[in-house]
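The numbering of the sequence shown is our numbering, which starts it at 611 and goes up by one. Everything on this sheet refers to the single structure shown next.
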Amino acid sequence: MHTRTLAELAAALRDGEFSSAELVGHYLDRIETLDARLNAFVTVTREQALQAARSADHARAHGQAGPLTGLPIAHKDIFCTEGIKTSCGSRMLDNFVSPYDATVVRRLKAAGVVMLGKTNMDEFAMGSSNETSWYGPVKNPWDLNKVPGGSSGGSAAAVAARMAPAATGTDTGGSIRQPAALTNTTGLKPTYGRVSRYGMIAFASSLDQAGTITASAEDAAMLLGAMAGHDPRDSTSAEVPVPDYLDALGESLSGLRIGLAREFLDDGLDPGNAAVLEQALDVLRGLGAAVVEVSLPNIGLSVPTYYVVAPAECSSNLSRFDGIRFGYRAEDPKDLTDLYKRSRGEGFGAEVKRRIITGTYVLSAGYYDAYYLKAQRVRQLIAGDFQRAFEEVDLIVGPTTPTPAFDIGAKVDDPVTMYLNDIYTIGVNLAGLPGMSVPCGFVDGLPVGLQIIGNHFDEGRLLNAAHMYQRETDWHRRLPDGFSPEPA
Ligand code: GLN
611 MHTRTLAELA AALRDGEFSS AELVGHYLDR IETLDARLNA FVTVTREQAL
661 QAARSADHAR AHGQAGPLTG LPIAHKDIFC TEGIKTSCGS RMLDNFVSPY
711 DATVVRRLKA AGVVMLGKTN MDEFAMGSSN ETSWYGPVKN PWDLNKVPGG
761 SSGGSAAAVA ARMAPAATGT DTGGSIRQPA ALTNTTGLKP TYGRVSRYGM
811 IAFASSLDQA GTITASAEDA AMLLGAMAGH DPRDSTSAEV PVPDYLDALG
861 ESLSGLRIGL AREFLDDGLD PGNAAVLEQA LDVLRGLGAA VVEVSLPNIG
911 LSVPTYYVVA PAECSSNLSR FDGIRFGYRA EDPKDLTDLY KRSRGEGFGA
961 EVKRRIITGT YVLSAGYYDA YYLKAQRVRQ LIAGDFQRAF EEVDLIVGPT
1011 TPTPAFDIGA KVDDPVTMYL NDIYTIGVNL AGLPGMSVPC GFVDGLPVGL
1061 QIIGNHFDEG RLLNAAHMYQ RETDWHRRLP DGFSPEPA
């Protein structure tokens, strides 16, 4: 069952080939057998999942099934789930049971989707390797010594090993696209505001966006349709109608103008990754698209800009974790100040503290103009670069990451090297654009992703390009050795 895409599983449920209870049971068994090697799940909700699957089967028997009814999915542990631990990968929230569902969770549940569990992630989504999690690193199913990427590394590893056919993720600077690239999965980060952030634990509010990690672009289109749309509970969610994303699939790429950003082909790009990218461009050309060069002159400033804006917003968002209202509380405090200090000191890990300190610094009097305000100005320049490029082309392509997956432990003590992993993805968040990563080949046995970037709210065109590419190639169908067999 698990070698099929979500769309294929939906068809099998519709045709009565198996029930949702059987399907969900199969994935739960895979998690039980395989996850000890990967550490992709923080929580597995077996009983609730089986119960929800039986309800889905009941609904289907009574003619009340929708296109997603009975399909299993895993949620990144950043999404609040009613009555279930929502840790955000942090000791701070290790004891937090959410009293409500995030809008993403609620909408998918209403569409009949069955939650298998909650996936591991970098602490508060800060990281590119899943090594900052309180629950320990996630392993890459393609090589257990390598990172799966981050921060949605648990979701990516779960889908790559087909312990779930699909998963949710979030992307502030690359956290869906980068792990998708490193695990041979399809990652979609929609336009900022396309999907509600309500109930998604905030890291950097002007950059955070929910999306999907799936086995195909078609699967992403299925899920996005159910997740997207205006939410009165999120004032930054857009009042833009949600098109039928599946309807947009299948359109010829003939005449499509695709821009290759010159600045993406820099010295940092591994020659193996560059060669794989070249082959992917040939496939797109073969499908009728015209690939032309475009320039994003300020894109080189995106990593430093991001590391001012994101920490600034994080320092403000994470002030709510004070040992009183949520989560971890230090034992035997001397007084209130000691309670605050030790709860935060003991509850947060090193990377989160580094961000809070940086963010507090760049927002403080005397430094605000020099750092935060300046970063906001540069952010506008980067967004302007993309807008100028989109006057010439319909989509922009480039690599998702500079290299394939790196060794666990290789970069964890060197934050700046770690930050540079997102060099090709971060600009997209600063500009609020939708982006995808699509499997496009292997370097030394490790998967590589093709990044495709669209204009605001142009997810339909983006998904169609990815879908047409996947009709022509089978990279996305490849599964890691040792994780494809049926569980015993
Ligand atoms: N790796 C980047 C960071 O550490 C992006 C993370 C994300 O997109 N959540 O901030």
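Cβ coordinates follow ideal geometry from the N, Cα and C atoms, glycine included.
Residue range of the unbroken alpha helix (DSSP H) whose run includes residue i
{"i": "Arg677", "result": "It should be pointed out that residue 677 corresponds to Pro in this sequence rather than to Arg. Element bounds for Pro677: n/a, residue is neither H nor E."}
{"i": "Thr793", "result": "787 to 793"}
{"i": "Gln889", "result": "881 to 896"}
{"i": "Met702", "result": "Neither: Met702 is in no alpha helix (DSSP H) and is coded neither H nor E."}
{"i": "Arg656", "result": "656 to 671"}
{"i": "Lys984", "result": "984 to 1002"}
{"i": "Gly869", "result": "No alpha helix (DSSP H) holds Gly869; the beta strand (DSSP E) holding it covers 867 to 871."}
{"i": "Leu798", "result": "That residue, Leu798, is in no alpha helix (DSSP H); its beta strand (DSSP E) goes 796 to 799."}
{"i": "Leu973", "result": "960 to 973"}
{"i": "Val1026", "result": "1025 to 1029"}
{"i": "Val769", "result": "763 to 770"}
{"i": "Pro921", "result": "912 to 927"}
{"i": "Ile1018", "result": "Looking at the DSSP string, Ile1018 is not in any alpha helix (DSSP H), and its letter there is neither H nor E."}
{"i": "Ile1036", "result": "1036 to 1040"}
{"i": "Ala776", "result": "First-last for Ala776: 776 to 780, but that is the beta strand (DSSP E), not the alpha helix (DSSP H)."}
{"i": "Val634", "result": "630 to 648"}
C-alpha distance - residue i paired with residue j, whole-angstrom precision
{"i": "Val715", "j": "Met611", "result": "24 Å"}
{"i": "Phe1052", "j": "Val886", "result": "7 Å"}
{"i": "Asp945", "j": "Asp687", "result": "32 Å"}
{"i": "Met773", "j": "Ala684", "result": "9 Å"}
{"i": "Val918", "j": "Pro1044", "result": "22 Å"}
{"i": "Ile992", "j": "Ala999", "result": "11 Å"}
{"i": "Gln661", "j": "Thr778", "result": "21 Å"}
{"i": "Ala920", "j": "Gly1042", "result": "14 Å"}
{"i": "Thr968", "j": "Ser665", "result": "48 Å"}
{"i": "Asn794", "j": "Val1058", "result": "7 Å"}
{"i": "Val901", "j": "Thr1027", "result": "31 Å"}
{"i": "Lys799", "j": "Glu627", "result": "32 Å"}
{"i": "Thr1010", "j": "Val852", "result": "26 Å"}
{"i": "Arg843", "j": "Val707", "result": "20 Å"}
{"i": "Pro751", "j": "Asn649", "result": "10 Å"}
{"i": "Arg1088", "j": "Pro1049", "result": "9 Å"}
{"i": "Ala768", "j": "Gly783", "result": "21 Å"}
{"i": "Ala975", "j": "Ser847", "result": "31 Å"}
{"i": "Ile1036", "j": "Tyr808", "result": "22 Å"}
{"i": "Tyr1106", "j": "Gly865", "result": "An answer regarding residue 1106 cannot be provided, because it is not within the stretch 611 to 1098 covered by the chain."}
{"i": "Asp753", "j": "Pro789", "result": "14 Å"}
{"i": "Ser738", "j": "Arg670", "result": "40 Å"}
The beta strand (DSSP E) enclosing residue i, as first and last residue numbers
{"i": "Ser1047", "result": "1045 to 1053"}
{"i": "Lys719", "result": "No beta strand (DSSP E) contains Lys719, which is instead part of the alpha helix (DSSP H) from 713 to 720."}
{"i": "Gln1061", "result": "1056 to 1063"}
{"i": "Val757", "result": "Counting along the chain, Val757 falls outside any beta strand (DSSP E), and DSSP gives it neither H nor E."}
{"i": "Ile1006", "result": "1005 to 1009"}
{"i": "Met725", "result": "724 to 729"}
{"i": "Ala820", "result": "820 to 824"}
{"i": "Ala900", "result": "900 to 904"}
Own chain residues within Cβ distance below 7 Å of residue i, not counting five before or after
{"i": "Ala1098", "result": "Caution applies to Ala1098, whose pLDDT of 42 falls short of 50 and renders its modelled position unreliable; the model cannot decide the point."}
{"i": "His973", "result": "Here residue 973 turns out to be Leu, not His, going by the sequence shown. Excluding positions up to five away in sequence, the list reads Ala922, Ser925, Tyr982."}
{"i": "Glu741", "result": "Pro747, Val757, Ile1018, Val1022"}
{"i": "Ile1033", "result": "Gly878, Val913, Pro1012"}
{"i": "Ser785", "result": "Ala735, Gly760, Ser761, Ser762, Gly779"}
Contact test: residue i Cβ vs the ligand FMN heavy atom, cutoff 6 Å
{"i": "Thr915", "result": "Among the ligands in the structure shown, the ligand FMN does not appear; only the ligand GLN can be found there."}
Contact set for residue i: own chain, Cβ-Cβ below 8 Å, skip 5 residues either direction
{"i": "Ala663", "result": "Ser629, Ser630, Ala631, Leu633, Val634, Gly635, Gly680, Pro682, Val724"}
{"i": "Asp829", "result": "Thr615, Leu616, Ala617, Pro775, Ala776, Thr796, Thr822"}
{"i": "Met832", "result": "Leu616, Ala617, Ala620, Pro677, Leu678, Tyr855, Leu856"}
{"i": "Glu1002", "result": "Arg867, Gly869, Val902, Val904"}
Same chain only: Cβ atoms within 6 Å of residue i, ignoring 5 sequence neighbours per side
{"i": "Tyr745", "result": "Val652, Asn730"}
{"i": "Leu703", "result": "Ser697, Gly937"}
{"i": "Val805", "result": "Ala820, Met837, Ala838"}
{"i": "Met1078", "result": "Leu863, Leu897"}
{"i": "Ile811", "result": "Ile688, Cys698"}
{"i": "Thr613", "result": "none"}
{"i": "Pro858", "result": "Here residue 858 is Ala; the residue named in the question, Pro, does not match the sequence. The answer, listed in chain order, is Gly1070, Asn1074."}
Cβ contact (3+ pairs, closer than 8 Å) linking the stretch 925 to 939 and the stretch 678 to 685: no
Using 8 Å as the threshold, is the stretch 951 to 958 in touch with the stretch 895 to 906, meaning 3 or more CB pairs across them? no
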